[in-house]
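Chains as they are written, first to last, in this note's numbering: chain A, 690 to 1093; chain B, 12 to 308.
Just so it is clear, CB atoms sit at the ideal spot from N, CA and C, and this is done for glycine as well.
All values reported here derive from a predicted model rather than from experimental measurement.
Step one of this worksheet: look at the structure below.
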Amino acid sequence: MKKTIISLLIVTLIATIFCGAVGCNPTGNTDPSSLVIWHDKEEAVITPLQDYVKKALPNITVTFERKSSLTDSLKLVGNDPNSAPDMFIFAHDKIGVFAEMNILTPVTDIIGEDFKSEYLPMTLSAVTYKEKLYQLPLYFETLLFMYNSKYMLENEVPETTDELLEYMKNNTGRGRYGFVEQHSTAYYSAGWIHAFGGCIIDDSGTPFPNGQAVKDALNYHTQFVNLMPGESEYNTVNTLFLNGKADATIGGPWMVPSARDAGIKLGIAPMPTVTGTRKSLAPYSGVQGIHVLKFAAENKAQTVKDFLNVLTASEVGIRLAMASGCAPAKTDCYDDERIKKDEMVQIMRQTAEIAVPMPNIPEMDVMWTVVDSLLIDVNLKKKNIDASFDTALEKANSLIDAMK
Amino acid sequence: MKKKTKITLKSYLWSSPSLLLIGLIVVFPIFYTAYISMTNMNVYHWFDYTVIGFDNYFKALFMFDSGFLSALLATIIWTLVNMILQLVIAYVLATLLNNPKLKLRRFYKTLLMFPWAMPGYVSILLWKTGMFNTEFGLLNQLMTKLGLATYHWLSNDLSAFICCTIVNLWLALPFMIMIIDGAMQSIDKSYYEVAKLEGANWIQRAYYVTVPTIKPIIAPAVIITIFTTFKQFDVVYLLTQQAGSKTGSGFHTILTFAYENAFIASNYGYSSAISIIIFILLIVFSATFKLKEEGDR
């Protein structure tokens, strides 16, 4: 009897392990009154969204689940209705990867094309991949020129990069810096490259289509790098600015709450213009919004449609901007009296005119590392620009080949 | 014979849950990786991949250019340096801990185990910002106080190698100290008494009594540590090669090199082929080492 019980227990244990490993729930989530949305955002973004949706769609249960490695999880379970969410909120730069994986449905297939006229053109261009819109934009982020008005006076705020360089020369030394930025990371350096007419990769997946512009930008940028700390990572740059050891920086809106908490007299100004090219530093922008997975689009079509339609309301963008300081993707949000008073949001709106959406093609995934290495070679190792560029181009081509 | 078969079957039945778990967690991923390495699974063929034979292996072997060979050499040097330093330092500290005249022994032991209790990721980043950072790191703060020029510790290959070694030692020493300390405590004290009567000094006692006695006990720990050091990724990547905060060092282990040159391409077929090649390298390394161990006995 005892042996039989033990044997049964062992068989049960084996069955449990096996079921756990292969998954024994074949049904999938097809309940039309519930939606599961993955995101990687902070509470300040999700709470207003959640509150608004709850009131607008009382008959639908919407569950927002925070995922720390959202893109990796989607790569694993994106086509598995048992494990995947119905939708997810993320930046637009992974659209190409997920569209190629064939797990996304274009939002225009669900809610049509009419909504497009109400959105900032930059946000729509960001979320378009192979002529299809794969995301309903909610808000966007981009880099801003920030300064500590205790040290950099209003009349000293540079309008051109030459003025910025002059300011740096006069105010750098003895443990203080006139200006700091993450000079050797691709995301931050892209603004300089764009100002010279270059880009990291074009829509067809060709790396550095205008190589000379990239080299010119790198060459011009080195004189600024020489007046900045050798360390260019996020924590060092932010801490220098937040501790009052750097007068100005280029940073994202996510820095604003920390700067205010640190008692910095924060000023925000438009990006300086490169004197030689007469173009402003044009940073990358990231458009955050809702993506719909295929399974949900096919099995919960009406619920998904209702949900997306609710999110096209201007009030959503306004509430998000007020709660978290992000810049709404809808144009008319900026006419709201509450948003007009927000200097940071308004400057981001201005920057949207010049900002370049991060490329959303899959090939961009490898370019971050390639450009980082190029910047390290030029800025920190002081290697020859032409030779470093050639090495980077070769590596980019080899990695892009390796993707296929 | 029949009874023997019954016993054998029963023993398999009792151990089947564990075998199944090991199969699912250890064996299955290896075979699955080997299978994926034979396919064209990448961003463009994520769910509709097909078997393409050994193409990924040819591509991977082509990638193994001089960059890979120098990374392999650096990994071997890294493993040797770390192992020698770990064994020497752990041995010295364990000997000191076993000194009968030492007071507060438990306190020192707890203190030496402390790095082990901290998550590796946190420790590495603390070292990076707290010690090696050019602006706020303790080392540069000290240099400034002494009137010396500050130094970018993680920017060149040699200093980055030394910094990575220090952090790796900090993380790995508690394990080795614990093993050697435990092994030393198991040595019969009469051996030392006899050695003393024979006139052996401290070095001779260590060479002729301590080392031969603890060798078989610490051998498995040494083998485990050799492999964890050989396939080290976190320390080198987080200190010097992390995306967005690269420091300028060209020091790569084979894993950080493979990550930067293959894994970021999201081509799982190709990355799996490289993983299998690294796996085979480790198996060969392991087999060579084990054969040598057995030969020594």
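Any chain B beta carbon closer than 8 Å to residue i
i: residue 715 (chain A); result: Because residue 715 (chain A) carries a pLDDT of 48, less than 50, the predicted location of this residue cannot be relied on, and no value is offered for it.
i: residue 919 (chain A); result: yes
i: residue 896 (chain A); result: no
i: residue 904 (chain A); result: no
i: residue 970 (chain A); result: no
i: residue 664 (chain A); result: Missing from the structure shown is residue 664 (chain A); chain A here goes from 690 to 1093 and no further.
i: residue 1070 (chain A); result: yes
i: residue 928 (chain A); result: yes
i: residue 1054 (chain A); result: yes
i: residue 923 (chain A); result: yes
i: residue 653 (chain A); result: A question about residue 653 (chain A) goes unanswered here, because the residues of chain A that appear run from 690 up to 1093.
i: residue 776 (chain A); result: no
i: residue 1088 (chain A); result: yes
i: residue 789 (chain A); result: yes
Of the listed residues the options, nearest to residue i (C-alpha basis)
i: residue 238 (chain B); options: B:264, B:57, B:216, B:31; result: B:264
i: residue 1037 (chain A); options: A:856, A:835, A:1068; result: A:835
i: residue 895 (chain A); options: A:1006, A:694, A:1088; result: A:1088
i: residue 821 (chain A); options: A:992, A:784, A:844; result: A:784
i: residue 193 (chain B); options: B:80, B:71, B:106; result: B:106
i: residue 236 (chain B); options: B:182, B:21, B:50; result: B:182
i: residue 222 (chain B); options: B:271, B:280, B:197; result: B:197
i: residue 767 (chain A); options: A:786, A:757, A:975, A:729; result: A:786
i: residue 910 (chain A); options: A:953, A:851, A:775; result: A:851
i: residue 55 (chain B); options: A:730, A:764, A:865; result: A:764
i: residue 41 (chain B); options: B:287, B:299, B:293, B:294; result: B:287
i: residue 184 (chain B); options: B:206, B:126, B:137; result: B:126
i: residue 916 (chain A); options: A:1068, A:751, A:772; result: A:1068
i: residue 111 (chain B); options: B:22, B:281, B:233, B:195; result: B:195
i: residue 178 (chain B); options: B:117, B:210, B:165; result: B:165
i: residue 913 (chain A); options: A:733, A:798, A:961, A:857; result: A:857
i: residue 876 (chain A); options: A:1064, A:886, A:865; result: A:1064
i: residue 818 (chain A); options: A:1076, A:1050, A:957, A:1057; result: A:1050
i: residue 841 (chain A); options: A:861, A:826, A:827; result: A:861
Residues bridged to residue i (per DSSP)
i: residue 981 (chain A); result: A:776, A:794
i: residue 937 (chain A); result: A:836
i: residue 957 (chain A); result: A:835
i: residue 821 (chain A); result: A:818
i: residue 866 (chain A); result: A:935
i: residue 755 (chain A); result: A:728
i: residue 1046 (chain A); result: A:974
i: residue 830 (chain A); result: A:975
i: residue 1016 (chain A); result: A:829
i: residue 750 (chain A); result: A:723
Neighbour flag for residue i against chain A, beta carbons, 8 Å
i: residue 23 (chain B); result: no
i: residue 285 (chain B); result: no
i: residue 48 (chain B); result: no
i: residue 13 (chain B); result: no
i: residue 20 (chain B); result: no
i: residue 140 (chain B); result: yes
i: residue 145 (chain B); result: yes
i: residue 268 (chain B); result: no
i: residue 262 (chain B); result: no
Within chain A, the residues that residue i reaches when beta carbons sit closer than 8 Å
i: residue 254 (chain B); result: 1057, 1058, 1061
i: residue 209 (chain B); result: Those do not exist, as residue 209 (chain B) stays about 57 Å from chain A at its closest Cβ, beyond 8 Å.
i: residue 58 (chain B); result: 768, 790, 791
Cross-chain neighbours of residue i in chain B, by beta carbon under 9 Å
i: residue 1092 (chain A); result: 53, 54, 55, 276, 277, 278, 281
i: residue 874 (chain A); result: 254, 255, 256, 257
Contacts of residue i in chain B (Cβ-Cβ under 7 Å)
i: residue 1065 (chain A); result: 257, 259
Minimum Cβ-Cβ distance from residue i to chain C less than 8 Å
i: residue 1059 (chain A); result: Among the protein chains in the structure shown, which are A and B, there is no chain C.
Subject >> Interface positions of the segment 974–996 of chain A facing chain B (Cβ-Cβ less than 9 Å), listed along the chain >> reply: none
Original post:
What are the residues of the segment 270–300 of chain B that lie near chain A, defined by any Cβ-Cβ distance shorter than 7 Å?
Top reply: 271, 273, 275, 276, 277, 278, 281
**OP:** Using a Cβ-Cβ cut-off of less than 7 Å, list which residues of the segment 158–176 of chain B approach chain A; keep chain order.
**Re:** 163, 166
Original post:
Going along the segment 805–818 of chain A in order, which residues come within less than 8 Å of chain B, judged by CB to CB distance?
Top reply: none
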